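Visitor: Dropping the structure in here first, questions after.
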Amino acid sequence: GLKFTDELAESLISRAVSKGIIYFDTAEAYGNGDSEKQLGVALKKLDPKIRPKVIVGSKILPNNCGDCRNALKDTLARLDVKHVDLYMVHWPISKGGMAHFATKDESGESIDYSKVDTKSIKEVPPTTRAFQQLMVLQKEGLIKHIGVSNFGVKQLEEALSTGVKIAVNQVAYNLLFRAIEYEVLPFCRKHGIQILCYSPLMQGLLTGRHESIKEVPPFRARTRHFDSRTNKLSRHGETGCEKLLFNTLKDIKTIAKESGHSMVELALAWPLAQPGVTCVIAGATKASQVDSNSAASKVKLSEDTLKKLAEVTEDLKKKLGPNIDMYQGMKDGVQTSRCF
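Residue 22 is where the sequence shown starts when you use the working numbering, and the numbers rise one by one after that.
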């Protein structure tokens with residue numbers, strides 16, 4: 022695959038900023054901290070007049086929430102900054118949320134995406150204590166805003182019970198995965214929690230490049246849209262909805278053609294048109310992708326187009342239901358979702 026070098030990171034970040042993209046998202050888990058290091062180096066290369074406009078968000082693993090201060094210290098060192106604009110708890114602080122990062126493959130270095138061993142987690146840091154620690158760090162000026170990622174309503178309520186002000190909930194949200202609309206999005210709107218969308222292109226499906234299930238690489242077909250019985254990398258235990266998925270994609274492609282927009286433009290502009298959404302996180306490995314992402318963010322979809330997109334994706338939304346975890350679900354009659 023592509024080797025994401027420091028030079029490539031610097032080039033893409035510089036181009037993104039020049040196109041008006043100012044939020045950059047990372048985490049201690051990405052590349053075992055290398056993502057934070059690369060971002061930190063690239064930001065140092067920006068024009069000093071422009072750098073203050075850039076917003077950086079990083080995430081702490083639930084596994085490290087027993088000592089938030091130490092984890093933040095390491096993140097700040099890797100980013101080479103004195104404070105971080107947004108610091109999010111990456112997944113709910115639970116055995117399920119922690120096991121995802123603790124289950125390693127045979128090398129012992131990389132995550133084994135095919136299974137999650139909750140029995141390997143012996144101790145779970147109290148959620149309330151973690152957010153109390155984060156509030157102390159915020160008061161000290163080391164964190165500007167506290168956020169979460171992949172939190173369900175009950176988990177949000179538990180965090181909010183500490184008195185913390187949660188700025189954002191970063192969740193998967195796109196035309197093919199609208200699960201947050203059932204409970205999480207209304208709750209966040211009510212409590213002033215902004216939504217950051219990740220996976221807006223749904224693992225590349227919304228680029229239109231895949232015409233059939235056979236063209237989707239196994240690593241990209243691990244979500245609950247796909248039949249877990251045919252993919253050894255999948256762990257959700259559900260049968261998926263592959264026929265409905267590709268019929269929906271055909272409908273979206275038709276709407277794109279009728280509206281005069283590309284599928285990528287529709288995919289990125291659609292969540293930005295939803296109340297409560299403040300930012301869409303779109304990755305890029307090429308300068309052309311940075312340019313298309315920037316252009317798509319400026320697209321304003323008509324009410325007619327928005328209505329058609331909602332209609333053609335409604336059946337898929339109902340089929341996948343309110344579980345906001347794309348990778349874990351009903352397995353052997355037991356709900357294994359990490360988000361509740």
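Backbone N, C-alpha and C define an ideal beta-carbon position, used for all residues, glycine too.
Quantities reported herein were computed from a predicted structural model and do not represent experimental measurements.
Which of the three DSSP states is assigned to Asp-106 in this structure?
Guide: The residue you call residue 106 lines up with position 85 of the sequence shown. The answer is strand: DSSP assigns Asp-106 an E or B state.
Visitor: So what does DSSP say about His-223, is it helix, strand or coil?
Guide: Mapped onto the sequence shown, residue 223 falls at position 202. The amino acid at residue 223 is misidentified as His; the sequence shows Met. In this structure, Met-223 counts as coil in the three-state DSSP scheme.
Visitor: Do Val-163 and Leu-93 have their C-beta atoms within less than 8 Å of each other?
Guide: Here residue 163 corresponds to residue number 142 of the sequence shown, with the count starting at 1. Here residue 93 corresponds to residue number 72 of the sequence shown, with the count starting at 1. It is Leu, not Val, that sits at residue 163 in the sequence shown. In contact: Leu-163 and Leu-93 (Cβ atoms closer than 8 Å).
Visitor: Check the DSSP bridge columns for Asn-252 and list the partner residues they point to.
Guide: Here residue 252 corresponds to residue number 231 of the sequence shown, with the count starting at 1. None, per the DSSP bridge assignment.
Visitor: Please classify Pro-69 as buried or exposed, where buried requires at least 16 neighbouring CB atoms within 10 angstroms.
Guide: For this step, residue 69 is matched to residue 48 along the sequence shown. That one is exposed.
Visitor: Hey, Ser-79 and Val-105 are a contact pair by Cβ (cut 8 Å); roughly how many whole angstroms apart?
Guide: In the sequence shown, residue 79 corresponds to position 58, counting from 1. In the sequence shown, residue 105 corresponds to position 84, counting from 1. That belief holds up - the Cβ atoms of Ser-79 and Val-105 are roughly 6 Å apart, short of 8 Å.
Visitor: Determine the burial state of Asn-91: buried for a count of at least 16 other Cβ atoms within 10 Å of its Cβ, exposed for fewer.
Guide: Along the sequence shown, one-based indexing puts residue 91 at 70. Exposed: under 16 other Cβ atoms inside 10 Å.
Visitor: What's the gap between the Cα of Gln-176 and the Cα of Glu-263?
Guide: As a position in the sequence shown, residue 176 is number 155, starting the count at 1. As a position in the sequence shown, residue 263 is number 242, starting the count at 1. Gln-176 and Glu-263: Cα-Cα distance of roughly 30 Å.
Visitor: Could you say which of Cys-360, Ala-316, Arg-359 and Ala-308 lies nearest to Ile-34 if we only look at CA atoms?
Guide: Here residue 34 refers to the residue found at position 13 when the sequence shown is read from its first residue. Selected option, being the one with the closest Cα: Ala-308.
Visitor: When DSSP builds the beta bridges, which residues end up paired with Lys-352?
Guide: For the purposes of this step, residue 352 is identified with residue 331 of the sequence shown, where counting begins at 1. Paired residue(s): Val-355.
Visitor: Looking at the unbroken beta strand (DSSP E) that takes in Gly-168, where does it start and where does it end?
Guide: Start at 1 with the first residue of the sequence shown, and residue 168 comes out as number 147. Segment 164-170, the beta strand (DSSP E) holding Gly-168.
Visitor: How about Ala-180 and Thr-148: are their beta carbons less than 8 Å apart?
Guide: Residue numbering aside, residue 180 sits at position 159 when the sequence shown is read from its first letter. Residue numbering aside, residue 148 sits at position 127 when the sequence shown is read from its first letter. The answer is yes: Cβ separation under 8 Å.
Visitor: What did DSSP end up calling Gln-295 once you bin it into helix, strand or coil?
Guide: Translated into the one-based positions of the sequence shown, residue 295 becomes position 274. Three-state DSSP puts Gln-295 in coil, outside helix and strand.
Visitor: With DSSP as the reference, identify every bridge partner of Tyr-44, one or two as the case may be.
Guide: Here residue 44 refers to the residue found at position 23 of the sequence shown. Beta-bridge pairing links Tyr-44 to Ile-76.
Visitor: Inspect the beta-carbon positions of Gln-224 and Thr-244 and report whether they are closer than 8 Å.
Guide: Residue mapping note: residue 224 aligns to position 203 of the sequence shown, counting from 1. Residue mapping note: residue 244 aligns to position 223 of the sequence shown, counting from 1. Against a cut-off of 8 Å, the Cβ pair of Thr-244 and Gln-224 comes out as a contact.
Visitor: Between Thr-228, Thr-326 and Leu-265, which lies nearest to Leu-280 when the distance is taken from Cα to Cα?
Guide: Residue numbering aside, residue 280 sits at position 259 when the sequence shown is read from its first letter. Inspection of the sequence shows that residue 280 is occupied by Ser rather than by Leu. Measuring from the Cα of Ser-280, the nearest candidate turns out to be Thr-326.
Visitor: In this structure, how does DSSP classify Phe-198 when only helix, strand and coil are distinguished?
Guide: Residue numbering aside, residue 198 sits at position 177 when the sequence shown is read from its first letter. Here Phe-198 sits in strand by DSSP.
Visitor: At which residues does the beta strand (DSSP E) containing Ala-188 begin and terminate?
Guide: Here residue 188 corresponds to residue number 167 of the sequence shown, with the count starting at 1. From DSSP, the beta strand (DSSP E) with Ala-188 extends over 187-193.
Visitor: On the premise that Ile-81 lies in contact with His-111, defined as a C-beta separation below 8 Å, what is that separation, rounded to the nearest angstrom?
Guide: On the sequence shown, residue 111 is found 90 positions in, with the first residue counted as 1. On the sequence shown, residue 81 is found 60 positions in, with the first residue counted as 1. The Cβ separation is near 6 Å, so the contact holds.
Visitor: Relative to the C-alpha of Phe-25, which residue among Arg-150, Leu-206, Ala-242 and Ala-305 is closest?
Guide: Taking the sequence shown and counting its residues from 1, one reaches residue 25 at position 4. Residue Ala-305 is the option with its Cα nearest to Phe-25.
Visitor: Enumerate in chain order the residues of its own chain whose CB-to-CB distance from Gly-350 is below 8 Å, with the five nearest sequence positions on each side excluded.
Guide: Translated into positions along the sequence shown, residue 350 becomes position 329. The residues are Arg-245, His-257, Gly-258, Glu-259, Asn-344, Gln-356, Thr-357 and Ser-358.
Visitor: Where does Val-301 sit, in a helix, a strand or coil, going by DSSP?
Guide: On the sequence shown, position 280 is the one that residue 301 refers to. Strand.
Visitor: Determine the direct distance from the alpha carbon of Gly-229 to that of Lys-274, and round the result to whole angstroms.
Guide: As a working note, residue 274 is residue 253 in the sequence shown. As a working note, residue 229 is residue 208 in the sequence shown. Spanning the two alpha carbons is a distance of roughly 7 Å.
Visitor: Helix, strand or coil: which one does DSSP assign to Ile-81?
Guide: If you number the sequence shown from 1, residue 81 lands on position 60. Ile-81 falls in the strand class under three-state DSSP.
Visitor: Between the alpha carbons of Val-62 and Ile-71, how many angstroms are there, rounded?
Guide: Residue 62 sits at position 41 when you count from the first residue of the sequence shown. Residue 71 sits at position 50 when you count from the first residue of the sequence shown. If I take the Cα positions, the gap works out to 15 Å.
Visitor: Would you list the residues sitting across from Gln-215 in a DSSP beta bridge?
Guide: As a working mapping, residue 215 is identified with position 194 in the sequence shown. DSSP output for Gln-215 lists Val-189 as bridge partner(s).
Visitor: Less than 8 Å between the C-beta atoms of Pro-239 and Leu-254, yes or no?
Guide: In the sequence shown, residue 239 corresponds to position 218, counting from 1. In the sequence shown, residue 254 corresponds to position 233, counting from 1. Taking 8 Å as the Cβ cut-off, Pro-239 and Leu-254 qualify as a contacting pair.
Visitor: Identify the continuous alpha helix (DSSP H) that holds Phe-152 and give its terminal residues.
Guide: By one-based count along the sequence shown, residue 152 stands at place 131. Residues 148-160.
Visitor: Can you tell me the Cβ-Cβ gap for Pro-146 and Ile-114, rounded? I've got them flagged as a contact below 8 Å.
Guide: In the sequence shown, counting from the first residue as 1, residue 146 sits at position 125. In the sequence shown, counting from the first residue as 1, residue 114 sits at position 93. About 6 Å; that satisfies the 8 Å criterion.
Visitor: Between Gly-297, Ala-316, Gln-310 and Asp-312, which lies nearest to Ala-290 when the distance is taken from Cα to Cα?
Guide: As a working note, residue 290 is residue 269 in the sequence shown. Ranking Gly-297, Ala-316, Gln-310 and Asp-312 by Cα distance to Ala-290 puts Ala-316 first.
Visitor: Output needed for Tyr-51: all residues of its chain with C-beta closer than 8 Å, excluding positions within five of it in sequence on either side, in chain order.
Guide: As a first step, residue 51 is located in the sequence shown; it is residue number 30 there, counting from the start. Only Glu-57 meet the Cβ criterion.
Visitor: Take Thr-96 and list the residues in its own chain whose beta-carbon comes closer than 7 Å to its own, dropping the five residues that flank it on each side.
Guide: For this step, residue 96 is matched to residue 75 along the sequence shown. Taken in chain order, the residues that qualify are Glu-49, Glu-57, Ser-79 and Val-105.
Visitor: Distance check for Lys-40 and Asp-312, CA to CA, integer angstroms please.
Guide: The residue given as residue 312 occupies position 291 in the sequence shown. The residue given as residue 40 occupies position 19 in the sequence shown. Rounded to the nearest angstrom, the two C-alpha atoms are 7 Å apart.
Visitor: Taking the straight line between their C-alpha atoms, what separation do you get for Gly-173 and Ser-323?
Guide: As a position in the sequence shown, residue 173 is number 152, starting the count at 1. As a position in the sequence shown, residue 323 is number 302, starting the count at 1. Answer to the nearest angstrom: the Cα atoms are 31 Å apart.
Visitor: Which class does Thr-260 belong to by DSSP, given the choice of helix, strand or coil?
Guide: Position 239 of the sequence shown, counting from 1, holds the residue named residue 260. In this structure, Thr-260 counts as coil in the three-state DSSP scheme.
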